[in-house]
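Quick note on the working numbering: the sequence shown kicks off at 21 and runs consecutively. Note that CB positions come from ideal geometry on N, CA and C, so glycine has one too. This one's a predicted model, so the numbers in the text were calculated from it and none came from an experiment. The next block holds one structure in the form of structure tokens; read it before the comments.
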Amino acid sequence: MAKEDKQMKRTHTCGELTIGDIGKKAALMGWVHKRRDHGKLVFIDIRDRYGITQVVFFKMKEAEELRSEYVIAVRGIVQQRPKGTENSDIPTGQIELSAAELEIINPSLTPPFELDNVNEISEDVRLRYRYIDLRRPEVQKKLILRHRIIKSIRDFLDKKGFVEVETPVLTKSTPEGARDFLVPSRLNNGKFFALPQSPQLFKQLLMVSGLEKYFQIAKCFRDEDLRSDRQPEFTQLDMELSFTDEEEIFGTIERLLKYVFKESIGLELKIPFPRMSYKEAMGKYNSDKPDIREHKIGFQFLWVTSFPLFKYSKEEKKWDMEHHPFTYPLLEDIDLIEKDPAKVRSRAYDLVINGVEIASGSIRIHKRDLQEKIFNRIGLSIDEAKERFGFLLEAFEYGAPPHGGIALGLDRLIALMAGTDTIRDVIAFPKTQKAVCPLTGAPSSVDEKQLKELGIMIKNKGPSQSDEK
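Written out as structure tokens, the structure reads:
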């Protein structure tokens, strides 16, 4: 066995060797996928991210130690498999490596489940041992697809003059519907940051700054009640443009998705996508995100436009926003904001695929007086609006251009493109439906010293979701 300080160097991946390599020396590194004993011969399948190669050991004592998921290095000669033993299901199926040297880099405990047989294994167990679950080729393929989709997005937008800008993760709490995740400030005792539900305000400020075309692959956080297939942290493609209108935004997104689908899964989309007003969608389908496919196969995109600007909350007995308070009303409806808010339509739009909303956006308000009028209509006093959004209102007084944008839910889009029903399948380390991480045990308690430094005292501590797992 080779010594650790003289570790073998890999010459090929486990999906690379073919009939054209017969007679060559090769060194492979990877995990023991399967082991089979045939008298004096030991066969293993060695696996890495790129594929599987069969290795045969003849009278090699070290090979008898090998078990599933051992990490090994093996050197030998590539030879043709005996007739009748070929495997046409894999690219390396016509050859095998006749081993001359073996190094056990790291042994493994018996895995909690077999990589080839997870159908009867609960998701909680797979997430508890996610680093093992991620070794499965079908899981890795989804993460690689995610990489390709995000790379193609960046490539396209870069060519179109968009600038990727990272906005703050520690920011001010300005609730946008869901609850914020709050982060206590040690240096400013008694005060809190919030994790962003979206980069909405910062991307508008970037338009005021004159950047004109912005995008970001943004992490967003929402402390929502438990719902099926939702994540407390998620990823969205965030975009904003200055001096724009709906036509430019629709066209940009359509060309972007056409490029992304072609580059990542080889599918040609037909553009432009059909459009339907909110009123028409509700009248025809009784849904603001209808599935308009005639046959339940393929991808059918639909723009839904002209949403109501306001909705009435019976619980709070006041008008609230259908989307968010930065959405521009249709010009012809502005006079109805005070007189008849139920009839005010917005310049908001959603993009729907097969009945699933994957993007939402709007033309934004860029004038202080109109923004304050909207705040007032939803019950925010002048002082409350100034406290929450004073920095934005002030920015509007320094030459804010007309602007608009959109946010596209990447987790949901990637899941649709990968053909899976759950976004957890396309996230490397997802939370469960109870918003906990079985792998790390998060969220968890912290020690009293940390709490004391933050000036925090926990009252009425009860059982948590993570305690119940």
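- Exclusion of the five residues before and after residue 84 leaves 62 as the residues of its chain whose Cβ lies within less than 7 angstroms of its Cβ.
- For the stretch 282–331, the continuous alpha helix (DSSP H) assignments of 4+ residues that do not extend past its boundaries occur at 298–305, in sequence order.
- According to the DSSP assignment, residue 382 belongs to the beta strand (DSSP E) that extends over 376–383.
- Ranked by how close their Cα comes to the Cα of residue 370, the residues 361, 363, 383 have 383 in first place.
- Your pair residue 219 and residue 258 checks out as a contact, with CB atoms roughly 5 angstroms apart and the cut at 8 angstroms.
- Cα atoms of residue 281 and residue 169: separation of roughly 8 angstroms, rounded to the nearest angstrom.
- Residue state for residue 53 is assigned as strand, using DSSP reduced to three classes.
- Three or more Cβ pairs closer than 8 angstroms define a contact, and the stretch 35–45 meets that threshold against the stretch 79–99.
- Counting the other Cβ atoms within 10 Å of the Cβ of residue 438 gives 16 or more, which makes it buried.
- Nearest to residue 236 by alpha-carbon distance, out of 242, 351, 175, is 175.
- For residue 411, the uninterrupted alpha helix (DSSP H) segment begins and ends at 402–415.
- Apart from the 5 residues on each side of it in sequence, residue 326 sits with its Cβ closer than 6 angstroms to the Cβ of 297, 298, 365 in its chain, given in chain order.
- According to DSSP, residue 184 shares a beta bridge with 235.
- The residues 402, 405, 413, in chain order, have a CB closer than 8 angstroms to that of residue 392 in the same chain once the five nearest residues on each side in sequence are set aside.
- The three-state secondary structure of residue 461, taken from DSSP, is coil.
- Distance from residue 256 to residue 240 at the Cβ level is roughly 6 angstroms; contact confirmed, criterion being Cβ atoms closer than 8 angstroms.
- Note that the C-beta distance between residue 398 and residue 338 is below 8 angstroms.
- Straight-line spacing of the CA atoms in residue 40 and residue 73 works out to 15 angstroms.
- Comparing alpha carbon positions, the residue from 69, 187, 104, 77 closest to residue 123 is 77.
- For residue 363, the number of other beta carbons within 10 angstroms of its own is below 16, and it is reported as exposed.
- Residue 324 has its alpha-carbon roughly 46 angstroms from the corresponding atom of residue 474.
- With respect to the 8 angstroms criterion, residue 199 and residue 243 are classified as neighbours on the basis of their beta carbons.
- The shortest CA-to-CA distance from residue 222 to any of 343, 192, 367 is the one to 192.
- Below 8 angstroms, too few C-beta pairs join the stretch 312–319 and the stretch 349–357 to call them touching: fewer than three.
- Under the DSSP assignment, residue 77 falls in the beta strand (DSSP E) whose first and last residues are 71–78.
- Assignment of residue 362 by DSSP, reduced to helix, strand and coil, places it in the helix class.
- Residue 425 holds the alpha-carbon nearest to the alpha-carbon of residue 344 among 133, 425, 229, 49.
- Residue 436 and residue 80 have their alpha carbons spaced roughly 48 angstroms apart.
- The residue from 379, 252, 118 with its alpha-carbon nearest to that of residue 216 is 252.
- Its chain contains 47, 49 as the residues whose beta carbon lies nearer than 6 angstroms to that of residue 30, once the 5 sequence neighbours on both sides are disregarded; these appear in chain order.
- Inter-residue distance for residue 106 and residue 133 is about 28 angstroms (C-alpha atoms, whole angstroms).
- Spanning the alpha carbons of residue 464 and residue 52 requires a straight line of approximately 35 angstroms.
- Linking residue 288 to residue 273 through their CA atoms gives a straight-line distance of about 15 angstroms.
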